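Inspection log for the structure reproduced underneath, given as structure tokens.
There are 2 protein chains.
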Amino acid sequence: MGKKAIVLLSGGIDSSTTLAIARDQGFELYAMSFRYGQKNSYEVEAAQKIAEQIEVNEHLILDINLSPIGGSALTTDMPVPKNRSEKKREKIIPVTYVPARNTIFLSFGLAWAESIEAFDIFIGVNSIDYSGYPDCRPEFIKAFEQMANLATKAGVEGRPFRIQTPLINMTKAQIIQRGTELGVDYSLTQSCYDPAPDGKACGKCDSCILRKKGFEEAGIPDPTVYSN
Amino acid sequence: MGKKAIVLLSGGIDSSTTLAIARDQGFELYAMSFRYGQKNSYEVEAAQKIAEQIEVNEHLILDINLSPIGGSALTTDMPVPKNRSEKKREKIIPVTYVPARNTIFLSFGLAWAESIEAFDIFIGVNSIDYSGYPDCRPEFIKAFEQMANLATKAGVEGRPFRIQTPLINMTKAQIIQRGTELGVDYSLTQSCYDPAPDGKACGKCDSCILRKKGFEEAGIPDPTVYSN
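For the protein sequence lines, the chains are A and B, in the order given. First residue of the first sequence: 1, per this note's numbering; consecutive thereafter. First residue of the second sequence: 229, per this note's numbering; consecutive thereafter.
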């Protein structure tokens with residue numbers, strides 16, 4: 001029996017590739033997804049399909065509605081910005097930022113990890129082709145790991161947790177190339193912040209723009225169905 | 229208008245006293261409670277009564293069921309230990325420990341804080357008369373605060389969050405004395421890990437033992453109704 005790993009799985013390119021990388025490293029996979037009140041309810045369906053394709057041991061989906069907390073275009077009526085220029089994407093943390101989202105997700109990942117005695121928690125954060133969110137940066141991840149090992153019974157008893165971020169320094173194109181090598185079926189994944197009611201991607205939000213650019217630069221056909 | 233504070237409120241002695249202390253310090257109060265799958269469903273009712281007594285601005289109750297995660301006697305069928313000796317209570321982290329619970333609660337507190345622009349997050353942790361949980365210790369709180377200021381937009385923009393722990397070095401008796409001075413009605417609070425179906429406290433779990441001892445040492449009559 002291999003070592004267990006928790007993998008946070010949103011159903012997008014990055015987390016799906018992270019799941020495949022963890023499998024390639026020989027881990028038993030415990031995937032974790034959240035219904036957190038996001039506009040894109042297709043995300044969790046995509047996560048289920050990917051969890052099935054990659055053959056995880058267990059896929060836990062938790063309901064934690066963040067809408068009452070507010071503060072983000074992803075969880076409230078606030079509109080999702082479209083067609084932001086690269087310059088803007090580099091400089092301004094957009095309203096699609098969800099306060100403390102990765103902190104919350106990693107905290108649940110930590111709880112499940114401790115409960116099932118998994119000591120590796122994978123998260124597909126990336127600080128190259130990303131939306132500028134502070135909780136995707138290496139310094140945040142390092143601080144979370146330190147905190148986690150003071151927060152938990154296992155941590156204080158000398159069985160530390162590791163937060164694994166295999167994509168942290170990869171471009172979106174490199175991520176797509178690596179995932180393709182590992183057999184990830186990207187047609188199952190969902191990246192759009194604001195899909196149409198039929199599930200088609202908008203093609204204009206930051207997440208769609210980065211996704212399109214990634215496939216182009218990787219020289220791999222984009223299987224996504226866009227609204228326009 | 230005063231400064232806003234988030235106060236994590238479980239409905240026990242410590243969080244209720246913390247709420248009164250934050251009010252005494254002049255904060256506008258935003259209390260936050262969780263239905264996390266705890267056996268003691270009276271907790272949240274107690275939190276509502278206290279939030280009303282202390283007159284908070286808003287009381288947000290979130291549903292985040294931790295039962296599927298497992299690992300604790302508070303969220304699963306595992307029995308709650310009774311009549312543990314002081315020696316045992318000092319040495320062994322009990323099965324009532326909920327993996328990463330305070331990390332999860334503080335993460336939601338951080339999210340709400342950022343959303344409403346509150347920069348003080350109060351939590352009633354105490355490392356004197358407590359159950360030995362690692363996530364009640366000052367070193368954990370400090371590490372969480374550091375992480376929080378790397379995780380958030382406000383943190384990286386130079387508007388840091390503070391995790392406030394006014395009870396950290398107080399005995400249970402001192403906490404009860406301070407809360408009594410501040411007018412906390414402890415008859416509304418609930419501490420028991422495993423109350424009877426009618427809501428009466430068991431009187432034998434760690435939490436009841438510490439509560440009883442606290443009232444005795446404070447020389448204040450204990451208003452709690454125990455089963456036996």
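Where is the CB? At the ideal position from N, CA and C, for every residue including glycine. Quantities reported herein were computed from a predicted structural model and do not represent experimental measurements.
At least one C-beta of chain A is nearer than 8 Å to the C-beta of B:Leu294. DSSP lists A:Ala201 as the beta-bridge partner residues of A:Tyr226. Counting along the chain, A:Asp206 sits inside the alpha helix (DSSP H) bounded by residues Asp206 to Ala218. With respect to chain B, the C-beta atom of A:Met147 has a partner C-beta closer than 8 Å. For A:Lys153, the neighbours in chain B by C-beta distance under 7 Å run, in chain order, Ile321, Tyr325 and Pro362.
Within chain A, the C-beta atoms nearer than 8 Å to that of B:Phe368 come from Met147, Leu150 and Ala151, in chain order. Neighbourhood of B:Ser355 in chain A, by CB distance below 8 Å: empty, with the nearest CB roughly 12 Å away.
For A:Ser33, there are no C-beta contacts with chain B under 9 Å, since the nearest C-beta of that chain is about 12 Å from it. At a cut-off of 8 Å between beta carbons, A:Val156 contacts chain B. For B:Ala328, the chain A residues whose C-beta falls within less than 7 Å of its own C-beta are Ser107, Leu110, Ala111, Glu114, Ala151 and Thr152, listed in chain order.
Within 7 Å of the CB of B:Ala371, the CB atoms of chain A belong to Gln146, Met147 and Leu150, in sequence order along the chain. According to the DSSP assignment, A:Ala196 belongs to no beta strand (DSSP E), since it is labelled neither H nor E.
Under the three-state reduction of DSSP output, B:Arg251 falls in the helix class.
Interface criterion met: the Cβ of B:Ile332 is under 8 Å from a Cβ in chain A. Residue range Glu58 to Asp63 is occupied by the beta strand (DSSP E) that includes A:Leu62.
For the pair B:Leu395 and B:Asn354, the CB atoms are nearer than the 8 Å cut-off. Fully contained in the region 92-161 of chain A are the following alpha helix (DSSP H) runs of length 4 or more, in chain order: 101-116, 138-151 and 153-156. Below the 7 Å Cβ cutoff, chain B contributes Glu342 and Ser343 as neighbours of A:Gly71, in chain order. Pairwise C-beta distances place the region 409-421 of chain B out of contact with the region 365-383 of chain B, as fewer than three of them are shorter than 8 Å. Secondary structure at A:Glu28: strand, using DSSP grouped into helix, strand and coil. Exclusion of the five residues before and after A:Leu182 leaves Ala20 and Asp24 as the residues of its chain whose Cβ lies within less than 6 Å of its Cβ. Within the same chain, Ser269, Val272, Ile289, Leu290, Asp291, Ile292 and Asn293 come within 8 Å of B:Arg263 by CB-CB distance, once the 5 residues on both sides are set aside. B:Asp242 sits close to B:Gly352, with the two beta carbons spaced by under 8 Å. In terms of Cα proximity to A:Ile175, the closest of A:Cys202, A:Lys82, A:Ile92 and A:Ile128 is A:Ile128.
With respect to the C-alpha of A:Pro221, the residue from A:Pro94, A:Gly12, A:Asp185 and A:Pro99 having the closest C-alpha is A:Asp185. At a beta-carbon threshold of 9 Å, the residues of chain A lying near B:Leu290 are Ile64, Asn65, Leu66, Pro68 and Ile69, ordered along the chain. Annotation: A:Pro94 to A:Arg159 spans about 38 Å, alpha carbon to alpha carbon. Leaving aside the five residues that flank B:Phe347 on each side, the residues in its chain whose CB is nearer than 6 Å to its CB run, in chain order, Phe389. A Cβ-Cβ contact shorter than 8 Å links B:Met375 with A:Met147. Nearest in C-alpha terms to B:Glu256, of all of B:Ile349, B:Glu373, B:Ile437 and B:Gly447, is B:Ile349.
In this structure, the straight-line span from the alpha carbon of A:Glu58 to that of A:Glu217 is close to 34 Å. The alpha carbon of A:Asp135 has as its nearest neighbour, out of A:Ala113, A:Val98, A:Glu114 and A:Val156, the alpha carbon of A:Val98. The Cβ neighbour count for B:Gly240, taken over all protein chains shown within 10 Å, is at least 16; the residue is labelled buried.
The straight-line gap separating the alpha-carbon atoms of A:Thr17 and A:Ser33 is approximately 15 Å. Rounded to the nearest angstrom, the Cβ distance from B:Arg317 to B:Ser359 is 7 Å, consistent with a contact under 8 Å.
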